[in-house]
Ligand code: ADP
Ligand code: ZN
């Protein structure tokens with residue numbers, strides 16, 4: 134077969150391009166509408182969840198319009214893989230960034246000017262240099278795609294000042310269509326993107342933000358590393374995953390702990406030398422079953438499709454950040470999990486960070502609101518997914534059946550009296566003794582424990598001593614956590630996180646307000662593998678499983694030879710389909726999703742041989 138895959142690009146329909154080049158049968162959701170709009174020269178704002186298929190929204194139009202599609206992407210480290218994936222399907226793609234030698238960059242520039250590129254990836258700071266702006270004038274720009282457009286939002290969690298300069302595109306090339314894409318956007322962030330990128334007249338395409346294949350679970354934190362290990366061993370042995378921790382120290386300790394316990398884990402945070410970070414990222418992308426333990430410095434733009442879980446061992450600062458991070462699980466649409474462990478200490482720590490941050494008052498207020506929304510999600514007794522989607526302004530009328538609340542419903546109980554006991558202990562300590570304490574000592578007092586500290590301070594003389602024998606330590610921690618989460622107790626950071634009353638505490642103390650609290654579901658010890666979400670290979674009938682294994686081994690060796698991640702050659706989902714269909718001819722093979730003209734040509738005969746051999 135000698136049909137060129139990508140060129141000549143014009144004169145074919147969008148669907149034709151999708152099938153021929155990418156080997157996909159149909160557009161998904163809004164993709165077709167976006168493509169038609171942009172091919173026609175319109176600007177677009179595309180909001181789709183991670184894994185929704187944003188790339189095709191600009192890649193297909195770039196192939197169909199005259200000239201080169203210029204993609205602005207913040208992540209130099211990932212451009213290489215993106216370009217490699219495009220070259221694999223026969224698209225003429227290249228990037229310009231600081232990792233290249235002068236000669237390499239010159240060659241790319243020449244190719245652009247000569248009209249030999251379908252897509253050109255550039256980092257924003259590079260694009261905005263005079264040299265690059267002039268270069269673009271010497272060739273033809275088919276469109277601008279602004280990836281991760283939420284980076285322009287100053288209030289967001291990924292703000293990149295370079296993005297602000299992109300307003301220049303509209304002024305300098307008013308006739309070139311622009312597509313801004315992001316997977317994260319509250320109404321506020323959306324407005325900011327439109328405003329700062331001058332997209333007032335752009336058509337908006339908003340896909341559902343639901344990720345039905347992700348199971349959300351939020352558990353009470355006690356021994357978090359043990360809990361994490363158990364979660365990985367029970368549900369995700371051998372799977373690729375990302376574990377997010379707030380601090381660098383937390384990252385290192387957790388990665389060490391996992392490694393000691395037989396998990397193939399690597400650390401990633403901004404304090405590591407650049408080569409170590411790059412090497413760890415490359416291993417995560419290129420090898421199967423690596424767990425990356427990271428701060429939020431890791432993950433944007435990571436398009437590894439088979440990340441089976443994302444775990445948070447510290448509570449994220451906002452729902453937006455949480456959703457963005459969890460969204461990195463299961464881009465391939467297969468079952469995946471988002472797991473978060475959360476406890477009193479998280480609330481205390483986050484409130485402290487806000488109090489101690491240098492921002493001005495509106496900024497602090499905003500951070501406090503974001504934290505409250507996150508706390509609301511953690512403490513809710515309703516479906517997590519409904520709550521998440523509501524946060525993004527998307528009603529979801531039924532409970533999802535695929536989150537911890539739906540699967541193991543927590544109970545609510547009337548915690549008014551328990552809350553009053555806690556609050557009056559705080560009140561008495563302060564007013565009778567001028568003392569403030571943290572949760573641990575308060576619980577000892579309530580439960581009537583004669584600890585050295587209690588005796589030393591004669592706290593057994595307090596009228597609240599021993600009034601809390603009806604609840605366990607853990608239950609009291611739950612009560613206190615929820616009081617702090619709801620702003621009914623405040624944390625005094627100067628006094629070693631001791632607790633104090635707030636304005637709102639009064640109503641509860643006076644019995645003017647009833648408090649419904651969440652009771653953690655009693656966890657039956659799940660049998661090993663009980664709710665295990667199996668790796669894709671296990672779902673296949675034996676013969677197909679054997680073929681799948683052969684194909685994966687073959688893919689691994691090809692990927693090694695080409696120096697690219699395995700999924701750049703073929704996705705698991707494509708190999709699965711091949712394994713199931715056991716194609717006998719190139720014609721059969723061409724009907725599999727993910728096998729376009731170029732890949733059929735490069736790999737078809739090899740694959741048929743593998744299938745026959747297996
Ligand atoms: P996003 O950038 O929105 O996170 P991607 O563009 O990386 O998502 O697409 C997610 C996955 O879905 C990719 O593996 C991609 O190949 C696949 N995909 C996208 N559109 C289609 C389609 N129309 N048919 C089949 N697979 C698709
Ligand atoms: Zn649910």
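Residue numbers (my numbering): 134 to 747.
Quick reminder that beta carbons are idealized off the backbone N, C-alpha and C, glycines included.
Quick caveat: nothing in here was measured; it's all calculated off a predicted structure.
Secondary structure at residue 445: strand, using DSSP grouped into helix, strand and coil. In the three-state scheme derived from DSSP, where H, G and I count as helix and E and B as strand, residue 646 is classed as coil.
Each residue's CA atom was taken as its position, placing residue 674 and residue 710 some 12 Å apart. Apart from the 5 residues on each side of it in sequence, residue 363 has no Cβ closer than 8 Å to any other Cβ in its chain.
Between the region 377-395 and the region 568-579, the count of C-beta pairs closer than 8 Å stays below three; the two stretches do not touch. DSSP, reduced to helix, strand and coil, places residue 340 outside both helices and strands of the structure shown, so it counts as coil.
With a cut-off of 8 Å, the C-beta of residue 181 is classified as near the ligand ADP, since at least one heavy atom of the ligand falls inside that distance. For residue 343, the Cβ stays outside the 8 Å cut-off from all heavy atoms of the ligand ADP. Closest in alpha carbon position to residue 459, among 479, 432, 475, is 432. Listed in chain order, the non-local C-beta contacts of residue 422 below 8 Å within the same chain comprise 371, 372, 373, 397, local neighbours out to five positions each way being set aside.
Annotation: residue 640 to residue 505 spans about 20 Å, alpha carbon to alpha carbon.
In this structure residue 184 touches residue 463 by the C-beta definition: roughly 7 Å separates them, less than 8 Å. The continuous stretches of beta strand (DSSP E) do not include residue 549, which lies in the alpha helix (DSSP H) extending over residues 549-566.
Where residue 400 is concerned, the enclosing beta strand (DSSP E) starts and stops at 398-401. DSSP places residue 263 in the helix class (H, G or I) of the three-state scheme. By alpha-carbon distance to residue 652, the top candidate from 612, 642, 445 is 612. Apart from the 5 residues on each side of it in sequence, residue 145 sits with its Cβ closer than 8 Å to the Cβ of 153, 197 in its chain, given in chain order. When secondary structure is reduced to three states using DSSP, residue 534 falls in the coil class, being assigned neither helix nor strand. The beta carbon of residue 683 sits closer than 7 Å to the beta carbons of 743, 746, 747 from its chain, once the five residues preceding and following it are set aside; these are given in chain order.
When secondary structure is reduced to three states using DSSP, residue 179 falls in the strand class. The distance from the Cβ of residue 163 to that of residue 338 is about 4 Å, consistent with a contact at the 8 Å cut-off. Each residue's CA atom was taken as its position, placing residue 514 and residue 642 some 24 Å apart. In terms of Cβ geometry, residue 231 and residue 259 form a close pair [threshold 9 Å]. The alpha-carbon of residue 317 is positioned some 36 Å away from that of residue 247. Looking from the CA of residue 268, the closest CA among 442, 295, 242 belongs to 242. Counted as a single uninterrupted DSSP element, the beta strand (DSSP E) harbouring residue 315 occupies residues 311-315. The secondary-structure analysis by DSSP pairs residue 245 with nothing; it has no beta-bridge partner. Looking at 218, 179, 353, the one whose alpha-carbon comes closest to that of residue 278 is 179. In the structure shown, the three-state DSSP call for residue 425 is strand. Taking the C-beta atoms as reference points, residue 487 is found no nearer than 9 Å to residue 377. Judged by their CB atoms, residue 201 and residue 312 are not nearer to each other than the 9 Å cut-off. Assignment of beta-bridge partners to residue 202 by DSSP yields 252, 276. Pairwise C-beta distances place the region 471-486 in contact with the region 339-357, as three or more of them are shorter than 8 Å. Annotation for residue 465 indicates a beta carbon within 8 Å of some heavy atom of the ligand ADP. Beyond the five residues adjoining it in sequence on each side, residue 707 comes within less than 7 Å, by CB distance, of 725, 726, 727, 728 in the same chain, given in chain order. Closest option to residue 503, judged by alpha-carbon separation, among 455, 538, 516: 455.
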